[in-house]
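Visitor:
Numbering (my numbering), first residue to last: 93 to 358.
(1) What's the gap between the Cα of residue 296 and the Cα of residue 354?
(2) According to DSSP, is residue 296 part of a helix, a strand, or is it coil?
(3) With the cut-off set at 9 angstroms, would you say residue 261 and residue 303 are in Cβ contact?
(4) Ordered along the chain, which non-local residues of its own chain (more than five positions away) have a Cβ less than 8 angstroms from that of residue 149?
(5) Check residue 221 in the structure and name its three-state DSSP category.
(6) Between the C-alpha atoms of residue 315 and residue 165, what's the straight-line distance to the nearest angstrom?
(7) Should residue 292 be labelled buried (16 or more other beta-carbon atoms within 10 Å of its own) or exposed?
(8) Classify residue 217 as buried or exposed, calling it buried when 16 or more other Cβ atoms lie within 10 Å of its own Cβ.
(9) Using the C-alpha atoms, what's the distance from residue 298 back to residue 317?
(10) Which two residues bound the contiguous beta strand (DSSP E) that contains residue 39?
(11) Buried or exposed, going by whether 16 or more other CB atoms sit within 10 Å of the CB of residue 135?
(12) Within the 9 angstroms Cβ cut-off, does residue 156 reach chain B?
(13) In this structure, how does DSSP classify residue 338 when only helix, strand and coil are distinguished?
(14) CB-CB under 6 angstroms to residue 182, same chain, minus the five flanking residues each way: which ones, in chain order?
(15) Excluding the 5 residues flanking residue 341 on each side, which residues of the same chain have their C-beta closer than 8 angstroms to its C-beta?
(16) Can you check whether the CB of residue 248 is closer than 9 angstroms to the CB of residue 224?
(17) With distance defined between alpha-carbon atoms, name the residue in 343, 232 and 139 nearest to residue 69.
(18) My output table needs one value for residue 168: the three-state DSSP class, helix, strand or coil.
(19) Is residue 240 near the ligand ATP, with its Cβ less than 8 angstroms from a heavy atom?
(20) Given a cut-off of 9 angstroms, decide if residue 284 and residue 311 are closer than it, judged by their beta-carbon atoms.
(21) Helix, strand or coil: which one does DSSP assign to residue 301?
(22) Can you check whether the CB of residue 282 is closer than 9 angstroms to the CB of residue 139?
(23) How many whole angstroms separate the CB atoms of residue 344 and residue 128, which I take to be in contact at a CB cut-off of 8 angstroms?
(24) In the DSSP assignment, what are the bridge partners of residue 147?
(25) Express the C-alpha separation of residue 213 and residue 180 in angstroms, rounding to a whole number.
(26) Can you name the residues that DSSP bridges to residue 314?
(27) If I follow the unbroken beta strand (DSSP E) through residue 274, where does it start and stop?
Here it is as structure tokens:
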């Protein structure tokens, strides 16, 4: 009888441990999914906002808004450019922007050595507030005669409409692989590699590494190619942005082989 009782105790203990491990695995997977969503959103916002800045600084907005103001005469460097989207500015791709982006720039951005520093003043995209400082440094042309830039992001923060936040910093090497020989930015195609680290909306630390270059076409609202490898603690997963189709979805795969399709942003 005593032996049977001890066996039952061991069985229940094993079941409890199994359920505990399963719960922990589910929590970790949920954190990975949240991190994937946060990374996708942050990458997407950064890439598309960079296009907005190029349009504003070099093509004066490309529409009825924003209002672009130069502290010094246009074409004079260094210069400070204020890009004011007002209370609401609907972009051609449907995004709604508000607030200001402040750009301090030392030279024409397609000149080797040029430095661009980007800050935000009460700036929102589709109801999500963006804060922090980003920089571009023009490294000149690479061996393939393509413009190469080092892009950094420091203490970046997204505040979502429900009050949750995600923070991150990153370093990227971004190469203009198409469109560098034309006067417009609408045909630009960027390829980016690098690393990032931060805290997701659940308060969990993460790091990320681009294992296949992220491709962002000016003609598409979203990143359409590339793979990000995410790490939370000892767990690593990948986020696949697709094979070039212009859509708003990415795919992450968990340790158990399950795949989840996530929406990059609305």
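Glycine is no exception: its CB is placed at the ideal position from the N, C-alpha and C atoms.
Guide: Let's see:
(1) 19 angstroms
(2) Note: residue 296 maps to coil in three-state DSSP.
(3) no
(4) 160, 173, 175, 195, 197 and 201
(5) Three-state result, residue 221: strand.
(6) One Cα belongs to residue 315, the other to residue 165, and the distance between them is close to 35 angstroms.
(7) buried
(8) buried
(9) In this structure, the straight-line span from the alpha carbon of residue 317 to that of residue 298 is close to 22 angstroms.
(10) No information on residue 39 is available, as it lies outside the stretch 93 to 358 that the chain covers here.
(11) buried
(12) The structure shown contains no chain B; it is built from a single protein chain.
(13) coil
(14) 188
(15) 334, 353, 354, 355 and 356
(16) yes
(17) Missing from the structure shown is residue 69; the chain here goes from 93 to 358 and no further.
(18) coil
(19) No copy of the ligand ATP appears in this structure; indeed no ligand is present at all.
(20) no
(21) Residue 301: strand per DSSP, three-state reduction.
(22) Yes.
(23) 5 angstroms
(24) Residue 147 pairs with nothing; no bridge assigned.
(25) 14 angstroms
(26) In DSSP, residue 314 forms no bridge with anything.
(27) Residue 274 -> no beta strand (DSSP E), and no H or E assigned at all.
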